[in-house]
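*Asks:*
2 protein chains.
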Amino acid sequence: MSTQDIANDLVALCRQGKFAESGEKYWAHDVLSVEPMGDSPESRGIDAARGKGAWWQANHDIHGVEVEGPYVNGDQFVVRFRMDVTPKASGQRMTMDEMGVYTVRGGKIAEERFFYAAS
Amino acid sequence: MSTQDIANDLVALCRQGKFAESGEKYWAHDVLSVEPMGDSPESRGIDAARGKGAWWQANHDIHGVEVEGPYVNGDQFVVRFRMDVTPKASGQRMTMDEMGVYTVRGGKIAEERFFYAAS
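Chains as they are written, first to last, in the working numbering: chain A, 1 to 119; chain B, 120 to 238.
1) Can you name, in chain order, every residue of its own chain whose Cβ lies under 8 Å from the Cβ of residue 105 of chain A, other than the five neighbours on each side?
2) Counting only runs of 4+ residues fully inside the stretch 3 to 55 of chain A, write out the alpha helix (DSSP H) ranges in chain order.
3) According to DSSP, which residues form a beta bridge with residue 176 of chain B?
4) By Cβ distance below 7 Å, which residues in the same chain neighbour residue 30 of chain A in space, the five residues on each side in sequence not counted?
5) Less than 7 Å between CB atoms is the rule here; does residue 197 of chain B satisfy it with respect to chain A?
6) Mind listing the chain B neighbours of residue 59 of chain A? Cutoff is C-beta to C-beta under 9 Å, in chain order.
7) Check whether chain D comes within 7 Å of residue 235 of chain B, counting only Cβ atoms and requiring the distance to be less than that.
8) What residues from the stretch 191 to 215 of chain B come within 9 Å of chain A, judged by C-beta to C-beta, listed N to C?
9) Residue 197 of chain B and residue 83 of chain A: beta carbons closer than 7 Å?
10) Since residue 52 of chain A and residue 33 of chain A should fall inside the 8 Å C-beta cutoff, what is the C-beta to C-beta distance between them, to a whole number of angstroms?
11) Considering just the uninterrupted stretch of the beta strand (DSSP E) at residue 203 of chain B, what are its terminal residues?
12) What's the gap between the Cα of residue 226 of chain B and the Cα of residue 145 of chain B?
13) Should residue 220 of chain B be flagged as near chain A, meaning a C-beta pair shorter than 7 Å?
14) Quick one: Cα of residue 139 of chain B to Cα of residue 155 of chain B, how far?
15) Considering only residues of the same chain and omitting the five flanking positions on each side of residue 189 of chain B, which have a CB-CB separation below 6 Å?
16) Give me the residue from B/214, B/187, B/220, B/207 with the minimum Cα distance to residue 175 of chain B.
17) Starting from residue 113 of chain A, find everything on chain B with Cβ-Cβ shorter than 8 Å and list it in chain order.
18) Helix, strand or coil: how does DSSP classify residue 91 of chain A here?
19) By Cβ distance below 7 Å, which residues in the same chain neighbour residue 123 of chain B in space, the five residues on each side in sequence not counted?
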């Protein structure tokens, strides 16, 4: 599959709310996942990526997801996510506006980096 | 200046249509600029970046620019550009939907990579 094909499929899955499924399908075994926030912004490996996704889903009520893209350049692509969510900790409904930048190697996502708009 | 400060200023300049000015202010001398299209997708150095920008401005009528972001993560940030333009070659007005992913080193833009939505 080309980077464009993988990007299109990942976006289609995310539009259906299938975030975990998109990861299972495309994460490389040693995927590097980078968040801008928290004590350990970098995590390595598919188990860490799974754990992060599971934590996120368990701690947020998701009311709606808008996915834009993909935007492709070579072996990388960008996806924009706007999520209407309520973090269970705060109970305060909010819109998360986020960019994911993905790097593909050997048909798998080798790196994913997430970027947030300052609010 | 922090990456967030540089990102905020670059977005403010671009919102005013000051693309060339934002480059002059923040491009590193040996900036790597990567476009997904064309024969030579990578160009190196501030002269090449200037040339690319000048070519683009000379060959498009720009009717409007919408800039979203910045989205920051560590030493990188993402900006979305939606440009209402008419390429002079085609005369056909269109919307360009584009993501710029920037990497900052030493207070300058060391890399800029541009991503387009398939249309």
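Positions of the beta carbon are idealized from the N, C-alpha and C atoms, including for glycine.
*Replies:* On the basis of the supplied data:
1) In the first sequence, residue 105 of chain A corresponds to position 105, counting from 1. Cβ neighbours of residue 105 of chain A beyond the five flanking positions: 28, 75.
2) 3 to 15, 19 to 26
3) Stepping through the second sequence from its first residue, residue 176 of chain B is reached at position 57. Beta-bridge pairing links residue 176 of chain B to no other residue.
4) What you label residue 30 of chain A is simply residue 30 of the first sequence in a count that begins at 1. Around residue 30 of chain A: 44, 45.
5) For the purposes of this step, residue 197 of chain B is taken as residue 78 along the second sequence, with counting starting at 1. So yes, residue 197 of chain B belongs to the interface.
6) Stepping through the first sequence from its first residue, residue 59 of chain A is reached at position 59. At a beta-carbon threshold of 9 Å, none of the residues of chain B lie near residue 59 of chain A; the nearest stands roughly 20 Å away.
7) Protein chains in the displayed structure are A and B, and chain D is not among them.
8) Result list: 191, 192, 193, 195, 196, 197, 199.
9) Here the question's residue 197 of chain B lines up with position 78 in the second sequence. Here the question's residue 83 of chain A lines up with position 83 in the first sequence. The answer is no: Cβ separation not under 7 Å.
10) Position 52 of the first sequence, counting from 1, holds the residue named residue 52 of chain A. Position 33 of the first sequence, counting from 1, holds the residue named residue 33 of chain A. Indeed, because the Cβ distance is near 6 Å, the residues count as touching under 8 Å.
11) Here residue 203 of chain B refers to the residue found at position 84 of the second sequence. First-last of the beta strand (DSSP E) with residue 203 of chain B: 195 to 206.
12) The residue you call residue 226 of chain B lines up with position 107 of the second sequence. The residue you call residue 145 of chain B lines up with position 26 of the second sequence. So the two alpha carbons sit approximately 8 Å from each other.
13) The residue labelled residue 220 of chain B in the question sits at position 101 within the second sequence. True, the Cβ-Cβ gap to chain A drops below 7 Å.
14) Residue 139 of chain B sits at position 20 when you count from the first residue of the second sequence. Residue 155 of chain B sits at position 36 when you count from the first residue of the second sequence. The alpha-carbon atoms of residue 139 of chain B and residue 155 of chain B are separated by roughly 20 Å.
15) Walking along the second sequence from the start, residue 189 of chain B turns up at place 70. Same-chain partners within the cutoff: 126, 130, 196, 198.
16) By one-based count along the second sequence, residue 175 of chain B stands at place 56. Ranking the options by Cα distance to residue 175 of chain B, first place goes to B/207.
17) Here residue 113 of chain A refers to the residue found at position 113 of the first sequence. Correct list: 192, 195.
18) In the first sequence, residue 91 of chain A corresponds to position 91, counting from 1. DSSP places residue 91 of chain A in coil when its eight states are reduced to three.
19) By one-based count along the second sequence, residue 123 of chain B stands at place 4. The answer, listed in chain order, is 191.
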